[in-house]
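Enquirer: Just passing along the structure, written as structure tokens.
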Amino acid sequence: MIRKILIGILILVSFLLQCTVFHALAFGGIIPNLLIILTASYGFMGGRKSGLLTGFSCGLLLDIFFGEAIGFYALIYMYIGYINGSFRRIFFPEDIKLPLCLIAVSDLAYNILCYCLLFLLRSRFRIGYYMIHIILPEMVYTVAVSLVMYPLVLKLDQKLAEREKKNEKKFV
2 MIRKILIGIL
12 ILVSFLLQCT
22 VFHALAFGGI
32 IPNLLIILTA
42 SYGFMGGRKS
52 GLLTGFSCGL
62 LLDIFFGEAI
72 GFYALIYMYI
82 GYINGSFRRI
92 FFPEDIKLPL
102 CLIAVSDLAY
112 NILCYCLLFL
122 LRSRFRIGYY
132 MIHIILPEMV
142 YTVAVSLVMY
152 PLVLKLDQKL
162 AEREKKNEKK
172 FV
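Shown next as structure tokens:
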């Protein structure tokens, strides 16, 4: 129960930071995608179900505030969380290379899907411009922020896991 509340608080804080603080820190109108970092992190730390639920919550929050249709971002984030959850078997907490690569690929996939479904279907065929000016800079900025945010999320998750183990031992 505490884990679910904590994840909910992290989602809200990440959403608020992404929508307020990082807009002030935007480079050329590009802001990092903190919700992708959170979705991918909980995907490969907690597995498919955890990634799916975190992704759904993050995407639904985006849909409510910024989406044209409820469920668009929720579906994309759900898939991202679920796919990242598939990498739980090869996840090692002390190795940061895999999480950074997965976060970069997740952000790239998210932006390409958004381009295809939001712009390409409206006959906007400037993929080169979109890739160079939006997708790649956002991916680099997201990975740079991941260097700070991911270790914090990991440490928080590990502390919570230790606390849960202590509580289990008390009841046994």
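Residue numbering for the sequence shown follows our numbering, starting at 2 and increasing by one per position.
Cβ coordinates follow ideal geometry from the N, Cα and C atoms, glycine included.
A quick note: this is a predicted structure, and the numbers were derived from the prediction, not measured.
(1) Does the beta-carbon of Asp108 have 16 or more other beta-carbons within 10 angstroms, so that it is buried, or is it exposed?
(2) Does the Cβ of Ile32 have 16 or more other Cβ atoms within 10 Å, making it buried, or fewer, making it exposed?
(3) How big is the Cα-Cα spacing for Ile97 and Gly86?
(4) Alpha carbon to alpha carbon, how far is Arg90 from Met54? Give it in angstroms, no decimals.
(5) Along the alpha helix (DSSP H) that carries Tyr116, what are the first and last residues, could you check?
(6) Where in the stretch 61 to 130 do unbroken runs of the alpha helix (DSSP H), each at least 4 residues long, occur, reported from the N-terminal end onward?
(7) Between Leu36 and Leu76, how many whole angstroms is the CB-CB distance? I'm expecting something under 8 angstroms.
Expert: According to the structure shown:
(1) For the purposes of this step, residue 108 is identified with residue 107 of the sequence shown, where counting begins at 1. Looking at its Cβ environment, which holds 16 or more other Cβ atoms inside 10 Å, Asp108 is buried.
(2) Within the sequence shown, residue 32 is the residue found at index 31, counting from 1. The residue in question, Ile32, is buried, as its Cβ has 16 or more Cβ neighbours within 10 Å.
(3) Mapped onto the sequence shown, residue 97 falls at position 96. Mapped onto the sequence shown, residue 86 falls at position 85. Cα to Cα, Ile97 sits roughly 16 angstroms from Gly86.
(4) Working through the sequence shown from its first residue, we reach residue 54 at position 53. Working through the sequence shown from its first residue, we reach residue 90 at position 89. One point to set straight first is that residue 54 is Leu, not Met, in the sequence displayed. Using only the alpha carbons, I get a separation of about 19 angstroms.
(5) Walking along the sequence shown from the start, residue 116 turns up at place 115. Segment: none, Tyr116 is in no alpha helix (DSSP H) and carries neither H nor E.
(6) 73 to 86 and 98 to 115
(7) Counting from 1 along the sequence shown, the entry for residue 36 is found at position 35. Counting from 1 along the sequence shown, the entry for residue 76 is found at position 75. Rounded, the Cβ-Cβ distance is 14 angstroms, inconsistent with contact.
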